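**Q** Here numbering that gives the first Met the number 0 is used: the first residue of the sequence shown is 0, the next is one more, and so on.
Okay, here's the structure, questions in a sec.
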Amino acid sequence: MEKHQSILDLHPGLIWGFALTVIIMLLLDLGIFNKKSHEVSSKEATLWSVVWISLSMIFSGVVYWVFNKADSHELAVEKFTQYQAAYWIEKALSVDNLFVFILVFGFFKVPKYLHHKVLFWGIIGALIFRAIFIFAGVEIINLTFLPEMLVFGEPVRINVVMTLFGLFLMYAGVKSWGGGHADEDEDYSNTAGAKLIKSFWKVSDGYDGDKFFTIQNGIKMATPLLVVVSVIEFTDVLFAVDSIPAIFAISNDPFILYTSNIFAILGLRSLYFLLANFIYMFSKLSYGLAVILTFIGIKMLIAPWFHVPSPVSLSIVGGVLIISVIISLLFPDKKKNI
């Protein structure tokens, strides 16, 4: 085990710095820059994408600085690359979400000026659910190591959960080869998120500006906007089934996993507005994601015998993403009306 398994062992106050940064940025986003619902331009989306990616890269530098100052350069590099690998894996897998977001918004005919508000509240839900998944997952993994045994003549400790995750990710990688997750024929009005809202409130036929509730004939009703937010929340939970197990193969430090995951998710909104009109240019990315999921699954399965260093994982993930994007740009699908 590492001498300092978590960055919080060295700098406990860092969690408050991270939390304060996220809160301030969200308040600025909602309370100042997007106080009034409006359609987000490509220029604005580009600016926010740069801001979120820059904040994430700065934080990865903080991770390196803390470990390099208090421990060793080797461990600092390991933690830095763990953060980077987890961030880019989540970022890449999140691109798949964009296809579904586009379909959901189209299915419910959500006006473009309301897209940002839906995604904002979707992010708030992600902050909560990702924390539960990651911190609970790390604890469960720590509790599910089998006693040391001889396998192929080598003494090893196999983890039940990591083995199951590895098998699942290999299956998910093979299943998603070239296909992605988006289903253009799905009836999103009958998904779990939509049914949850409908079980508590009647839903009005139309939108009432950016309101989640409206009054019709003296009856308080949910608007379709609340239904869309619920559908987006449940969609994120489903996608977390792929992405969260994937990052467990990178690190067992919950703080690094959570912060990298959240920074990637926070930047997803601006990435949506930036790429929504050009998503066809990344048509081959699903092949790259399939390769990444399969690689991570294999990494989990062989972990008791062979440890793939984080710098190697980062290089493979980064290389696959770059190649898949380049191929997408060289051989793009014809642009579709989305």
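Think of the CB as a built atom: it goes at the ideal place given N, C-alpha and C, for glycine as much as any other residue.
Given the structure is predicted, the values throughout are model-derived calculations rather than measurements.
(1) With a threshold of 6 angstroms on Cβ separation, who are the neighbours of G317 within its own chain once the five nearest residues in sequence on each side are excluded?
(2) Name the DSSP beta bridge partners of M220, please?
(3) Quick one: Cα of W120 to Cα of P110, how far?
(4) Answer with buried or exposed for N96, where buried requires no fewer than 16 other C-beta atoms within 10 angstroms of its C-beta.
(5) Does the segment 307-314 come within contact of the segment 73-83, defined as at least 3 CB pairs closer than 8 angstroms?
(6) Touch check for the segment 112-130 and the segment 215-233: three-plus C-beta pairs under 8 angstroms?
(7) Which residues bound the beta strand (DSSP E) around V150?
(8) Name the two residues that bound the continuous beta strand (DSSP E) containing V155.
(9) Smallest Cα separation from K283: which of F262, I255, L273 and S327?
(10) For N158, which beta-bridge partners are listed by DSSP?
(11) Going by beta carbon distance, what residues of the same chain come within less than 8 angstroms of I322, once the five residues before and after it are set aside?
(12) Below 8 angstroms CB to CB, which residues in the same chain sit around I140 once its five sequence neighbours on both sides are set aside?
(13) Rounded to the nearest angstrom, how far is the Cβ of Y86 from that of A275, given a contact under 8 angstroms?
(14) In its own chain, which residues sit with a C-beta less than 7 angstroms from the C-beta of W200, not counting the 5 before and 5 after it?
(15) What number of angstroms, rounded off, separates the C-alpha of H180 from the C-alpha of F132?
(16) Relative to the C-alpha of S229, which residue among W51, G124, K90 and V150 is closest?
(17) Just list the alpha helix (DSSP H) runs in the segment 226-269, keeping only unbroken ones of 4 residues or longer that don't cross its boundaries, in chain order.
(18) Closest to L265 by CA distance: which of F212, F106 and S48 is it?
(19) In chain order, what residues of the same chain have a beta carbon less than 6 angstroms from the beta carbon of A289, not counting five sequence neighbours either side?
(20) Quick one: measure Cβ to Cβ for E153 and W15, integer angstroms, because I've assumed they're closer than 8 angstroms.
(21) In this structure, how does DSSP classify V65 when only helix, strand and coil are distinguished?
(22) Curious, which full-length alpha helix (DSSP H) runs of at least 4 residues does the segment 38-119 contain?
(23) Looking at M299: is its Cβ nearer than 7 angstroms to the Cβ of G136?
(24) Exposed or buried, what is F345 when buried is set at 16 or more other beta-carbons lying within 10 Å of its beta-carbon?
(25) In whole angstroms, what separates the C-alpha of L26 from that of T143?
**A** The structure says:
(1) Nothing listed; no residue qualifies.
(2) Looking at the DSSP assignment, M220 forms a beta bridge with T213.
(3) Here the C-alpha atom of W120 lies approximately 16 angstroms from the C-alpha atom of P110.
(4) N96 is buried by the Cβ-count criterion.
(5) Verdict: yes, contact present.
(6) They touch, by the three-pair rule.
(7) Bounds of the beta strand (DSSP E) holding V150 are M148 to V150.
(8) From DSSP, the beta strand (DSSP E) with V155 extends over E153 to V155.
(9) Restricting attention to F262, I255, L273 and S327, the CA atom closest to the CA of K283 is found in S327.
(10) The partner list for N158 (beta bridge, DSSP) reads F144.
(11) In its chain, beyond the 5 residues on either side, G287 have a beta carbon closer than 8 angstroms to the beta carbon of I322.
(12) The beta carbon of I140 is closer than 8 angstroms to those of N158, V160, M161, F247 and N251 in its chain, skipping five residues each way along the sequence.
(13) 22 angstroms between Cβ atoms; not a contact.
(14) Same-chain partners within the cutoff: M220 and A221.
(15) Low confidence applies here, because H180 scores a pLDDT of 49, under 50, leaving its location unreliable; read the following figure in that light. Looking at the backbone, the Cα of H180 and that of F132 are separated by about 21 angstroms.
(16) Ranking W51, G124, K90 and V150 by Cα distance to S229 puts G124 first.
(17) The segment 226-269 contains these whole alpha helix (DSSP H) runs: 253-265.
(18) It is S48.
(19) Cβ neighbours of A289 beyond the five flanking positions: G172, S175 and W176.
(20) The C-beta separation of E153 from W15 comes to about 43 angstroms, leaving the pair out of contact by the 8 angstroms criterion.
(21) Helix at V65.
(22) Restricted to the segment 38-119, the alpha helix (DSSP H) segments that are unbroken, complete and at least 4 residues in length are 41-69 and 72-106, listed in chain order.
(23) It is not a contact, given that the beta carbons lie outside the stated cut-off.
(24) Because the chain here runs from 0 to 337, residue 345 falls outside it and cannot be looked at.
(25) L26 and T143 have their C-alpha atoms spaced approximately 40 angstroms apart.
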